[in-house]
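Residue numbers (this note's numbering): 1 to 424.
Each residue gets a CB set at the ideal place from its N, CA and C atoms; glycine is no exception.
Encoded as structure tokens, the structure appears first; notes follow it.
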Amino acid sequence: MKLRFPLSLVLLICIVFACSKDQSPEPIEEKKEEPNPDSIMYFTLISERPKDENIIEEWIVLHDAEGKLLDFSLFDFGDNLVFESKEDISDLISVTEIRFTEYDYGKNYTITTTTGIEKGSKWTLEPSLQSDNFYQSNGVEGDFNVTVSGIPGLEKLTVTNTKFNLGLSYSSTTFPGSPPSTDISTDLTLYTGENEYYVSILDGLTQLKYYNFSYENMDLSLNYEDFLEFDSYHNVQLPENNFYIFNVAGFREDYPYSEQNGVVLHDVISFQYPEIPTKPFVYGYLDIFERYRTLLVVNYKNLHYTRVQYGPRLEEIIIPDPTLNITDFSRSSFRFDVDVDYISSSHLWSYSEGTSSDNNLYQTYWYVEAASGFEPFVGELPGDILTRYPEMNIQDLEYEQSLLNLPLESTEYNSRNLIVIKNE
């Protein structure tokens with residue numbers, strides 16, 4: 001038996017940026033002007049996002065639809081910046097955020113330009129999604145043993161209580177076919193106030209079953225014949241890939257959503273279980289839960305697809321295979337065609353030099369975002385900022401990839417449906 005801890009399900013990667021310790025920026029006064037009744041208010045920024053300890057400075061830069069610089073300012077947590085002009089402003093503007101971050105190994109810059117923003121818009125930068133205290137443990141009372149016998153070849157074991165994925169994984173090398181029965185014995189942690197458990201097993205016959213029990217002050221012996229079928233089964237045809245994650249979790253109606261917790265019904269990471277069939281890949285749901293988290297991440301060809309749905313069951317998953325044709329690689333007027341419907345797009349240019357091992361790694365990432373139907377327009381950064389941070393190396397940035405936000409069946413919590421197309 002092998003016990004393993006599955007990888008974190010939190011797949012969204014936040015890239016941050018910074019400049020070197022030997023070059024401290026000169027202080028620049030922040031923009032904190034009161035609205036002028038004779039001027040036109042064309043943008044408002046409210047920052048409710050606490051500053052991470054590694055963030056040195058954050059900037060906001062505004063351009064009109066022709067790429068003309070309108071204004072720029074430092075901002076910090078709690079700021080309410082109002083941008084005004086006595087001259088006419090184009091109906092659409094672009095908004096650029098710059099984040100300068102410093103770590104022990106080097107300095108990072110993240111630049112994000114969102115284009116096609118309506119004049120007069122108000123933005124509120126909210127805090128990042130935090131783990132809910134509901135899923136904090138009330139303590140550990142001990143452990144107990146559970147034995148399952150009569151499994152026709154164990155391929156995947158998942159154990160959870162009503163709140164926590166207990167991180168237990170097991171696989172055998174008996175797939176495919178009908179190998180001899182397999183017994184498994186494992187110790188489970190008993191958390192204070194959490195005595196209801198779910199065990200789900202994918203067996204060597206590609207059958208997914210589960211068993212639900214409550215701890216009653218004794219070790220437990222189960223027979224696989226007593227395991228139940230899921231209430232509904234579905235499948236997805238996974239493409240030839242070099243990596244995938246699949247996870248399904250159930251939530252009771254009065255339980256909040258979570259990126260990692262809930263009653264985990266199925267949890268597979270491809271490199272841990274390379275022999276589980278993917279053509280099709282089978283998953284299922286239980287009727288005792290009102291809401292679910294269904295997650296699929298898969299890398300194939302030059303594509304990275306992520307599908308996460310909170311709320312109803314995801315009974316059908318169609319993995320896209322788009323073709324991206326770029327006609328203009330420049331940031332100022334990036335143009336592309338793609339054969340898939342999308343809601344918005346984000347395109348990345350990047351540059352790095354040095355190494356983290358030598359503590360001199362400098363990285364710059366510039367994202368350009370636009371809603372479907374809008375052509376991105378990006379102006380140059382102010383000379384004051386470029387002079388202040390020469391290590392951004394803006395002139396050396398190269399196009400790296402495009403991200404497409406695809407239509408969603410559900411927008412609850414942190415649902416997302418996106419594909420990244422890498423430049424190869």
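Check, Outcome
"Endpoints, beta strand (DSSP E) assigned at R388", "No beta strand (DSSP E) holds R388; the alpha helix (DSSP H) holding it covers G383 to R388."
"For L45, the residue or residues it bridges with in DSSP", "L81 and W123"
"Among L406, Y362, E424 and G383, the one whose alpha carbon lies nearest that of Y105", "Y362"
"Coarse secondary structure for D425, derived from DSSP in three states", "Nothing can be reported for residue 425: it is not among the residues displayed for the chain, which extend from 1 to 424."
"Other residues of its chain near Y135: CB distance less than 6 Å, five sequence neighbours each side excluded", "K163, S258 and N261"
"Coarse secondary structure for F243, derived from DSSP in three states", "strand"
"Cα-Cα separation, T387 to I394", "11 Å"
"Helix, strand or coil at Y197 according to DSSP, with G and I counted as helix", "strand"
"CA nearest to the CA of L408, picked from Q401, D384 and S344", "S344"
"Selected residue, minimal CA-CA separation from T115, among V378, E424 and D396", "V378"
"Stretch pair the stretch 79–93 + the stretch 344–353: three plus CB contacts closer than 8 Å", "no"
"Test: R335 CB closer than 8 Å to a CB of chain D", "Protein chains in the displayed structure number just one, and chain D is not present."
"Pairwise C-alpha distance: V308 and I245", "11 Å"
"Rounded C-alpha distance that separates S137 from L166", "12 Å"
"Residue closest to S357, alpha-carbon to alpha-carbon, out of L286, E225 and Y103", "Y103"
"Environment of E391 [buried if 16+ CB atoms lie within 10 Å]", "buried"
"Sub-8 Å separation of E253 and R291 beta-carbons", "yes"
"Beta-carbon proximity check, I385 vs I98, cutoff 8 Å", "yes"
"Sub-8 Å separation of I55 and T124 beta-carbons", "no"
"C-alpha gap between L404 and V338, whole angstroms", "10 Å"
"Beta-carbon proximity check, T182 vs D143, cutoff 8 Å", "no"
"Within 8 Å, strictly: CB atoms of N241 and D187", "no"
"Given 8 Å, three or more beta-carbon pairs between the stretch 301–319 and the stretch 217–230", "no"
"For Y224, the three-state DSSP class (helix, strand or coil)", "helix"
"Option nearest T44 by Cα separation, candidates A65, G78 and E53", "G78"
"Range covered by the beta strand (DSSP E) that runs through G106", "G106 to E118"
"Cβ separation of F289 and F251, assumed to be a contact under 8 Å, to the nearest whole Å", "6 Å"
"Delimiting residues of the beta strand (DSSP E) encompassing G284", "F281 to Y285"
"For Y109 and T327, believed in contact at Cβ under 8 Å, the rounded distance", "Not confirmed; about 28 Å, so no contact."
"Distance, Y197 Cα to R49 Cα", "38 Å"
"Paired residues, beta bridge with N165 - DSSP", "T160"
"Chain-order list of residues whose beta-carbon lies under 7 Å from that of G120 (same chain, five-residue window excluded)", "M41 and Y42"
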